[in-house]
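Counting in numbering that gives the first Met the number 0, the sequence shown runs from 0 upward without gaps. Ideal Cβ positions, reconstructed from N, Cα and C, are used throughout, including at glycine. Given the structure is predicted, the values throughout are model-derived calculations rather than measurements.
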Amino acid sequence: MTVNEEPSVSTREMYMVHTMLRREFSLLPALVREVGAGDRERVGVVAGHAELVASVLHHHHAAEDAYLWPVLLERGPEEIAPVVHSMEEQHAGIARLYTEATTLLDKWRHSAAAGPRDALAGTFEGLLPPLYEHLGDEERRVLPLIDRYITLDEWDRSVQEGGKDTPQELLPLMFGMMMYEGDPGIVARAVANMPPEVRPVIEQAAGEAFRAHSQRVHGTTTPRRSTV
Numbered sequence: 000m001t002v003n004e005e006p007s008v009s010t011r012e013m014y015m016v017h018t019m020l021r022r023e024f025s026l027l028p029a030l031v032r033e034v035g036a037g038d039r040e041r042v043g044v045v046a047g048h049a050e051l052v053a054s055v056l057h058h059h060h061a062a063e064d065a066y067l068w069p070v071l072l073e074r075g076p077e078e079i080a081p082v083v084h085s086m087e088e089q090h091a092g093i094a095r096l097y098t099e100a101t102t103l104l105d106k107w108r109h110s111a112a113a114g115p116r117d118a119l120a121g122t123f124e125g126l127l128p129p130l131y132e133h134l135g136d137e138e139r140r141v142l143p144l145i146d147r148y149i150t151l152d153e154w155d156r157s158v159q160e161g162g163k164d165t166p167q168e169l170l171p172l173m174f175g176m177m178m179y180e181g182d183p184g185i186v187a188r189a190v191a192n193m194p195p196e197v198r199p200v201i202e203q204a205a206g207e208a209f210r211a212h213s214q215r216v217h218g219t220t221t222p223r224r225s226t227v
């Protein structure tokens, strides 16, 4: 069993991601339902936003599956296995709802009809309880294990690898979504972990990208904050 003797991994960054996911997913059902049937322009805006939020969750879980769970299973005591397997089962359940949502998103985007709109809003509503349960369990049961068994370099590498599939043009917006409720110290560490050429401009670019996107999607630059 390997115990991490390096400085504690900054798992507070995970809280920043989780806060963003709680906020954005909690807003989705009403956001979708408010779109009028046949309003193709608004459907495009809201469907694009919903697709972005869902993809963030999908890639976040894929990175954990690939880079965190195998290391914890290898290094930790036997008691860790049930925790990891529980996380994997929760991922699988959320993934089924993600697949359902992406199918409905395509139908809604192409038809702009009320039927797929309402079904999509219902799917997002149905996703909230298992998502909240999973995020809470991960914070209580997994983050202490990551602090203990994952080195700082390994953590940073998993974050970098998990973001490789993200289109470069979306990085400022996605970081801005996390910055909105992020602790300044956590934001500063995340910036320090970015490529040197990005660091001087990323916070301003991210803030501007988030405000513009939020105004277009939510009708305000300051959408309701997470309360979970």
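- Message: Tell me the DSSP secondary structure of V216 in three-state form.
- Response: Taking the sequence shown and counting its residues from 1, the one referred to as residue 216 is at position 217. For V216, the three-state secondary structure derived from DSSP is helix.
- Query: Helix or strand or just coil, what does DSSP make of E78?
  - Reply: Residue numbering aside, residue 78 sits at position 79 when the sequence shown is read from its first letter. It is coil, neither helix nor strand.
- Query: Could you give the residue range of the alpha helix (DSSP H) that holds R147?
  - Reply: Stepping through the sequence shown from its first residue, residue 147 is reached at position 148. If you look at R147, you'll find it in the alpha helix (DSSP H) that goes L142 to Y148.
- Task: Could you tell me the distance, in whole angstroms, from the CA atom of V216 to the CA atom of Q159?
- Result: Your numbering for residue 216 matches position 217 in the sequence shown. Your numbering for residue 159 matches position 160 in the sequence shown. Distance between the alpha carbons of V216 and Q159: 28 Å.
- With C-beta atoms as the reference, is H57 less than 8 Å away from Y97? As a first step, residue 57 must be located in the sequence shown, where it is residue number 58. As a first step, residue 97 must be located in the sequence shown, where it is residue number 98. Yes.
- Query: Which residues in the same chain as D152 place their Cβ atom closer than 6 Å to its Cβ, once the five residues preceding and following it in sequence are excluded?
  - Reply: Translated into the one-based positions of the sequence shown, residue 152 becomes position 153. If we look at D152 and ignore the five residues flanking it on each side, it has no Cβ neighbours.
- Task: Below 7 Å CB to CB, which residues in the same chain sit around V190 once its five sequence neighbours on both sides are set aside?
- Result: Sequence index remark: in the sequence shown, residue 190 carries index 191 (1-based). Non-local C-beta neighbours of V190 in its own chain, meaning closer than 7 Å and more than five positions away in sequence, comprise R198, I201 and E202, ordered along the chain.
- Query: Exposed or buried, P115, counting other C-beta atoms within 10 Å across all chains shown (16 or more means buried)?
  - Reply: In the sequence shown, residue 115 corresponds to position 116, counting from 1. Buried is the call here.
- Item | Own chain partners of M0 with C-beta closer than 8 Å, once the 5 adjacent residues on each side are dropped | Indexing the sequence shown from 1 puts residue 0 at position 1. Note on M0: pLDDT 47, under 50, position unreliable in the model; the coordinate value appears next. For M0, the CB contacts under 8 Å within the same chain, skipping 5 residues up- and downstream, are R74, G75 and P76 in chain order.
- Message: Alpha carbons only, please: which of E78, E40, G92 and E63 is nearest the one belonging to W154?
- Response: Taking the sequence shown and counting its residues from 1, the one referred to as residue 154 is at position 155. Comparing Cα positions, the closest option is E63.
- Item | R156 burial status per 10 Å Cβ neighbour count (16 or more: buried) | Taking the first residue of the sequence shown as position 1, residue 156 is located at position 157. Counting Cβ neighbours within 10 Å, R156 comes out exposed, since fewer than 16 surround it.
- Given P230 as reference, the closest of L169, S85, D146 and A205 once Cα atoms are compared: There is no way to answer for residue 230, as the model of the chain reaches only from 0 to 227.
- Item | Own chain residues within Cβ distance below 8 Å of E138, not counting five before or after | Here residue 138 is taken as the residue at index 139 of the sequence shown, counted from 1. These residues qualify, in order along the chain: M13, Y14 and H17.
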